[in-house]
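This report concerns only the one structure given below.
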Amino acid sequence: MTRTPVQNPAGRHGRPAYDRDSLLEVAVVVFNERGYDGTGMEELARRLGLSKSSIYHHVSGKEELLELAVNRALDALFAVLDEEEAGEQRGKASGTTATARMKRVIHRSVEVLAAELPYVTLLLRLHGNSEVEQRALARRREFDHRVAELMSRAAAEGGIRADIDPHLASRLLFGTVNSLVEWYRPDRDLTVETLADALTTILFDGLHGRTAS
């Protein structure tokens with residue numbers, strides 16, 4: 477696989493100048509390429525063109541880099557749910573349904589995945605081998621639970637079918653969303669809006685044609 481170098485402004489003596497965010501950007505690329513467990517500080521230092529002591533000036537170690545990375549993905553996903561919950565009372569007043577909010581959650585989650593693709597990819601590849609990973613997986617379970625609650629409300633109002641367990645339905649929906657990390661690349665001729673619209677339509681309306689066969 478061809479590796480695209482991450483460009484950084486040169487510091488003194490021609491060395492790359494990093495702040496914590498740009499260091500994190502490179503670390504996530506390396507974690508996704510080699511696996512978190514397979515990446516040591518020596519490899520990170522080599523890819524960054526820094527000494528290990530220079531990395532430690534910004535972070536305590538690779539565990540902190542992992543936590544920063546997965547929390548960036550999780551915070552963005554939780555923000556989607558928080559937006560919908562904050563607008564729930566307004567939605568009730570204007571007649572907006574739980575089904576409509578559920579569709580927006582899916583649509584916005586695709587947008588988050590595209591915007592934070594390396595970070596979401598890393599999140600989805602965690603195995604729970606460390607305390608950082610276990611905390612991240614616990615937050616993922618909390619996210620799933622909140623989505624399932626919204627699914628239950630959508631089913632109760634008749635907007636989606638009620639004969640499928642909402643937790644199962646939530647997993648199936650986000651299993652589809654999460655699968656995008658395996659093939660979606662932002663540089664392809666496919667806008668995020670088109671992708672999010674198509675996926676939301678298929679998940680909620682299916683692939684069947686509008687005319688009877």
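Quick note: the sequence shown uses the working numbering, first residue 477, plus one each step. Glycine is no exception: its CB is placed at the ideal position from the N, C-alpha and C atoms.
Looking at the structure shown, is Y494 part of a helix, part of a strand, or coil, going by DSSP? coil
By Cβ distance below 8 Å, which residues in the same chain neighbour S527 in space, the five residues on each side in sequence not counted? Taken in chain order, the residues that qualify are A521.
Chain-order list of residues whose beta-carbon lies under 7 Å from that of L600 (same chain, five-residue window excluded): N654 and V657
Integer-rounded CB distance, given that A574 should sit under 8 Å from A630: 4 Å
For D620, which three-state DSSP category applies? Taken through DSSP and simplified to helix, strand or coil, D620 comes out as helix.
Other residues of its chain near L557: CB distance less than 6 Å, five sequence neighbours each side excluded: The answer, listed in chain order, is R622.
Simplified DSSP state of D673, which is helix, strand or coil: In this structure, DSSP gives D673 a helical state, which the three-state scheme calls helix.
So is H583 buried or exposed if we call it buried at 16+ other beta carbons inside 10 Å? buried
Would a C-beta distance cut-off of 8 Å place D681 and R647 closer than the cut-off? no
To the nearest angstrom, how far is it from the Cα of L671 to the Cα of T677? Approximately 10 Å, taken between the alpha carbons.
Excluding the five sequence neighbours on either side, which residues of its own chain have a C-beta within less than 7 Å of the C-beta of D673, listed in chain order? Excluding residues within five positions, none has a Cβ falling inside 7 Å.
Taking 8 Å as the threshold (C-beta atoms), are V586 and L675 in contact? yes
My understanding is that A545 touches L500, with C-beta atoms under 8 Å, so please give their C-beta distance in whole angstroms. Indeed they touch by this definition, with Cβ atoms about 6 Å apart.
Between the C-alpha atoms of Y532 and A614, what's the straight-line distance to the nearest angstrom? 28 Å
Is the distance from the Cβ of A549 to the Cβ of Y595 below 8 Å? yes
Cβ-Cβ distance between L679 and L649 below 8 Å: yes
Could you tell me whether the Cβ atoms of A638 and E592 are closer together than 8 Å? no
Local conformation of N605 per DSSP, three classes: coil
With distance defined between alpha-carbon atoms, name the residue in K579, E561 and H603 nearest to M513. The question names Met, but residue 513 is Asp in the sequence shown. Considering only alpha carbons, the answer is H603.
Beta-carbon proximity list for V504, same chain, < 7 Å, skipping 5 on both sides: A545, P594, Y595 and L598
Whole-angstrom Cβ separation of E543 and V608, contact assumed at under 8 Å? 5 Å
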